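Here numbering that gives the first Met the number 0 is used: the first residue of the sequence shown is 0, the next is one more, and so on.
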Amino acid sequence: MSTVFNNYSLSNDEIEKILEDFKNEIKRASKLNGKINEDCEQKIMIGIYQKLSRNRKK
0 MSTVFNNYSL
10 SNDEIEKILE
20 DFKNEIKRAS
30 KLNGKINEDC
40 EQKIMIGIYQ
50 KLSRNRKK
């Protein structure tokens with residue numbers, strides 16, 4: 000995902016929209032033993048947020 004968004008400076012709203020758009024994929028990726036692991040789901044979402052917000056000007 001980072002190569003697609005690498006040169007963009009995304010706002011919080013844009014990042015939240017991306018997270019919402021990929022919500023089902025995130026839930027699927029966070030399944031452990033057939034059940035959704037909420038800690039894993041949160042870590043995935045935080046990782047995506049960090050990657051997409053890293054190019055912001057400070």
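Glycine included, each C-beta is placed from N, C-alpha and C at the ideal position. Keep in mind the model is a prediction, meaning the values are calculated, not measured.
Where does Leu51 fall in DSSP's three states? In this structure, Leu51 counts as helix in the three-state DSSP scheme.
Counting along the chain, where does the alpha helix (DSSP H) carrying Asn11 start and finish? For Asn11, the enclosing alpha helix (DSSP H) stretches over residues Asn11 to Asp20.
CB contact flag (Leu51, Ile25, <7 Å): Taking a C-beta distance under 7 Å as the contact criterion, Leu51 and Ile25 do not qualify as a contact pair.
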